[in-house]
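This report refers to the structure that appears directly beneath it.
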Amino acid sequence: MPRRRARVPAAVLLIAPSLVVMTALFAWPLLVGVSQAFSGPDGPTTSYVERMLDDPYFWPAVRNTALLVVVLVPLQFAFALTMALLLRERPRFAGVHFFIWVIPLAISDLAAGLVWLSVFADRGYLNSTLDRLGLDGYAWLSYENTTSMFLTVVVAELWRSTSLVLVIVVAGLQGIPKDYDEAAEVFGASYWQRLRHVVLPQLRPSLQVALILRTILALETFAVAQALTGRNLPLLVGETYEWYNVLQNPNVASAIALVVLAVSMLAAIGYLRLLRDRTVAR
Amino acid sequence: MNARRRGNRAAVQAACVAITLFMGVPLYLITLAALSSRDSLNRFPLPLLPTDPSTETMSTFLRSTGVTGGFINSVTVGLGTVVLALLVGVPAGYAVARYAFRGRDTYQLFLLLIRALPIVVLSVPLARIFLDVGMYDTTYAVMLIHTALALPTTVLITAAIFVGVSREQEEAAMIFGASAPQAFLRVVAPQALPGIAAAAMFAFMLSWNEVLGATVLTLNQRTLPAQVLTTLSDSPLAYRFAGGLALVLPAVVFIAVMRRYLLNMWGTTLR
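Top line first, the protein sequences correspond to chains X and C.
Read left to right, the first sequence gives residues 1 to 282 (full-length UniProt numbering).
Read left to right, the second sequence gives residues 1 to 271 (full-length UniProt numbering).
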């Protein structure tokens, strides 16, 4: 079959440009980044890493970033699942609801931060509403109120990025044949039993992909916090920005970026191993 | 039983409305804020209804330094990203969809890993590299990093689209004497075009929204988000609200146009 053999080079030819571009724009900077973080003017050094570790903002940034992932990701999965299941009940105006629920999908984290800034600012819409109700306002974004600052970032991120999980889950739900669910209903299974034993297991592949994507993206949260709190709520990527743009030290910035990379890769590998039986190669 | 079912329906409706309010009200508020006069933004409590709409805040924002340039740069970078991502991504997507070549699974895993790489890791070293080759602070530099970011998704989306285009028709064309490229252009491309347009819009949106890479790689050629971000700390609230609306509006248009494709895009590519 000469035609079959001729096909292999064709495929390679077609994917070659993408391999070249991705290698050039990912592998190369990765190597440069490692060398930026670990070598100074006089050869190899760990001084940049030490500076990063000694920085008073570093450990709070690590803690806030980790906390954000731990709080945000489960919350938005519960939220997105609820939304998707509500849509499955075919409510009235389902199309309108869905449209509004997915708008944030296309909104950048910077824009989302600015949107919620109008709500949480000292003289913003939330305090205005509280005032109308005869309640005292609260300095939500004050550096003294770490908890409420953190919560505003969680709310803004929940608002912005749950749509992504929603779309993946809704698409997943559409791929599930209704027969099993209906059969279970005929045999008297309750809603929760059907959800737990019929729907969720079939949604697993979708949930896995969403989980990996959202965990890694949550680790990269940056502009939302920047717009809402500035540096008062340090996050790892925000610190990279700070070191690069404000403190003009690309070496330390690279070191922090590598921490983000290491954690992201650990998370990705961890999930892939945990969920190996049904891989997500696509 | 019937009463209970009706109760459930009502609960579902109420929950949907509540969520819609949570998702929609902030959009209303930022629009309201951006379309209020500076004067009414200084009032407290802020009016929750458009009592005196004004274009003052918005036009001040649009006239401030760097905003027009940022807008132009954003559009330039976005269009460049679309062209590059399609040029490189569509052939790869076609290959993934049509050929069972060796290493296809590895290639797809590679795409997933690339997508999982944080932008921040690439931006700082890329700035160094672009400085060395004299491309720092150009829209091309930002185009390249955005292309790299958009590429994995472009490949996955286009692959999903080509899977949906009938292979038989393509083979029939070749039997009737068309060469492979001709068959592609005459038979496959027209059917795939709407989906490719969706992939293009996706790449544009990604570029329009990306802020960290654009900020790190430029000084004077900032895109709009980068411009807003870097002037954030010393700009008045009115400026930030106007900037927020300017960044949100294209997103709403994007979703309105793309609604039909959203589920396909994420559904078929990711599962």
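Note that the Cβ used here is the ideal one computed from N, Cα and C, for glycine as well.
Neighbour list for residue i in chain X, Cβ cutoff strictly below 7 Å
i, result
"serine 233(C)", "Gly230"
"methionine 241(C)", "Here residue 241(C) turns out to be phenylalanine, not methionine, going by the sequence shown. The answer, in chain order, is Leu114 and Ser118."
"methionine 205(C)", "Ala106"
"tyrosine 94(C)", "Leu14"
"isoleucine 161(C)", "Going along chain X, no residue has its Cβ under 7 Å from isoleucine 161(C), so there is no contact; the nearest lies around 14 Å."
"isoleucine 157(C)", "Ordered by position in chain X, no residue passes the 7 Å Cβ test against isoleucine 157(C), which lies about 12 Å from the chain."
"asparagine 73(C)", "Residues of chain X passing the Cβ test: none, with the nearest at roughly 15 Å."
"leucine 217(C)", "What leucine 217(C) touches in chain X: nothing, since even the nearest Cβ is about 10 Å away."
"proline 225(C)", "Ser108 and Leu110"
Residues bridged to residue i (per DSSP)
i, result
"glycine 43(X)", "Gly40(X)"
"proline 53(C)", "Ser36(C)"
Cβ separation of residue i and residue j, assumed to be a contact under 8 Å, to the nearest whole Å
i, j, result
"valine 153(X)", "alanine 225(X)", "5 Å"
"valine 77(C)", "methionine 143(C)", "5 Å"
"valine 263(X)", "valine 237(X)", "The Cβ separation is near 11 Å, so there is no contact."
"isoleucine 19(C)", "methionine 83(X)", "6 Å"
"leucine 41(C)", "phenylalanine 26(X)", "Leucine 41(C) to phenylalanine 26(X), Cβ: 44 Å. No contact."
"alanine 253(X)", "tryptophan 243(X)", "4 Å"
"residue 353(C)", "valine 188(C)", "Residue coverage of chain C in this structure runs from 1 to 271, which leaves residue 353(C) outside it and unanswerable."
"tryptophan 28(X)", "isoleucine 129(C)", "7 Å"
"alanine 171(X)", "leucine 263(C)", "5 Å"
"leucine 122(C)", "isoleucine 145(C)", "6 Å"
"valine 124(C)", "proline 250(X)", "5 Å"
"isoleucine 168(X)", "glutamine 202(X)", "The Cβ separation is near 14 Å, so there is no contact."
"residue 274(C)", "threonine 147(C)", "Since the first residue of chain C shown is 1 and the last is 271, residue 274(C) is not available in this structure."
"leucine 130(X)", "glycine 137(X)", "5 Å"
"leucine 211(X)", "tyrosine 271(X)", "6 Å"
Under 9 Å by beta carbon: chain C residues contacting residue i
i, result
"valine 194(X)", "A quick correction: the sequence has arginine, not valine, at residue 194(X). What arginine 194(X) touches in chain C: nothing, since even the nearest Cβ is about 14 Å away."
"tryptophan 28(X)", "Pro125, Leu126 and Ile129"
"valine 199(X)", "Under the 9 Å cutoff, chain C gives no residues; its nearest Cβ is about 15 Å from valine 199(X)."
Residues that residue i contacts on chain C, provided the C-beta gap is smaller than 8 Å
i, result
"residue 284(X)", "No answer is possible for residue 284(X): the residues shown for chain X start at 1 and end at 282."
"phenylalanine 99(X)", "Ile255, Ala256 and Arg259"
"glycine 43(X)", "Result: empty, since nearest Cβ-Cβ is about 18 Å, beyond 8 Å."
"glycine 188(X)", "The premise fails here: glycine 188(X) is roughly 14 Å from chain C at the closest Cβ pair, so nothing lies under 8 Å."
"glutamine 226(X)", "Leu229 and Leu232"
"tryptophan 140(X)", "Here the premise fails: no neighbours, minimum Cβ distance about 14 Å."
"valine 153(X)", "Residues of chain C passing the Cβ test: none, with the nearest at roughly 14 Å."
Proximal residues of chain X, C-beta to C-beta of residue i below 8 Å
i, result
"glutamine 13(C)", "Pro91 and Arg92"
"leucine 247(C)", "Ile107, Ser108, Leu110, Ala111 and Leu114"
"leucine 151(C)", "Ser18, Val21 and Met22"
"valine 88(C)", "Pro17, Ser18 and Val21"
Chain C residues whose Cβ lies nearer than 7 Å to that of residue i
i, result
"phenylalanine 222(X)", "Leu212"
"glycine 33(X)", "Val121, Val124 and Pro125"
"valine 170(X)", "Leu263"
"serine 161(X)", "The contacting residues do not exist; serine 161(X) stays about 12 Å from chain C at best."
Neighbour list for residue i in chain X, Cβ cutoff strictly below 9 Å
i, result
"isoleucine 19(C)", "Phe79, Thr82, Met83, Leu86, His97, Ile100 and Trp101"
"leucine 237(C)", "Leu117, Ser118, Ala121, Arg123 and Gly124"
"glycine 69(C)", "What glycine 69(C) touches in chain X: nothing, since even the nearest Cβ is about 18 Å away."
Within chain B, partners of residue i - CB distance below 7 Å
i, result
"arginine 132(X)", "Within the model displayed, chain B is absent; protein chains X and C are what it includes."
Can you check the region 68-153 of chain X for any alpha helix (DSSP H) of at least 4 residues that lies completely inside it and give the ranges in chain order? 94-102, 109-120 and 125-132
Please determine if the region 106-125 of chain X and the region 218-230 of chain C are in contact, where contact requires at least 3 C-beta pairs separated by less than 8 Å. yes
Whether or not the region 199-212 of chain C and the region 150-159 of chain C are in contact is what I'm after, with contact meaning three or more pairs of Cβ atoms, one per stretch, closer than 8 Å; do they touch? Remark: three or more beta-carbon pairs, one from each stretch, lie closer than 8 Å, so the region 150-159 of chain C and the region 199-212 of chain C are flagged as touching.
Between the region 36-46 of chain X and the region 173-192 of chain X, do three or more beta carbon pairs fall short of 8 Å? no
With a threshold of 8 Å, are at least 3 pairs of Cβ atoms found where one atom belongs to the region 16-26 of chain X and the other to the region 88-107 of chain C? yes
The region 190-199 of chain C contacting the region 78-96 of chain C, beta-carbon criterion three pairs below 8 Å: yes
Identify every run of the beta strand (DSSP E) within the region 189-269 of chain C, keeping only runs that are complete inside it and at least 3 residues long; order them along the chain. Assignment of beta strand (DSSP E) within the region 189-269 of chain C, counting only whole runs of 3 or more residues, yields no such run.
Between the region 55-62 of chain C and the region 230-248 of chain C, are three or more C-beta pairs nearer than 8 Å? yes
With contact counted as at least three CB pairs below 8 Å, one residue from each stretch, are the region 244-263 of chain C and the region 25-43 of chain C in contact? yes
Any chance the region 184-193 of chain X sits against the region 116-123 of chain X, with 3 or more Cβ pairs inside 8 Å? no
Quick check on the DSSP output: what are the complete alpha helix (DSSP H) runs of length 4 or more inside the region 89-158 of chain C, in order along the chain? 104-116 and 119-133
I'd like to know if the region 154-163 of chain X and the region 69-79 of chain X are in contact, where contact means that at least 3 CB-CB pairs between them fall below 8 Å. When C-beta atoms of the region 154-163 of chain X are compared with those of the region 69-79 of chain X, three or more pairs fall below 8 Å, so the two segments count as touching.
Go through the region 154-221 of chain X residue by residue and report every complete run of the alpha helix (DSSP H) that reaches 4 residues or more, in order. 178-186, 191-194 and 200-219
I want to know whether the region 267-274 of chain X touches the region 204-215 of chain X - three or more CB-CB distances under 8 Å. yes
Specify whether the region 63-81 of chain C and the region 214-228 of chain C touch according to this definition: at least 3 beta carbon pairs, one from each stretch, less than 8 Å apart. Yes: at least three Cβ pairs fall under 8 Å.
Counting pairs of Cβ atoms below 8 Å between the region 89-107 of chain X and the region 204-211 of chain X, do you hit three or more? no
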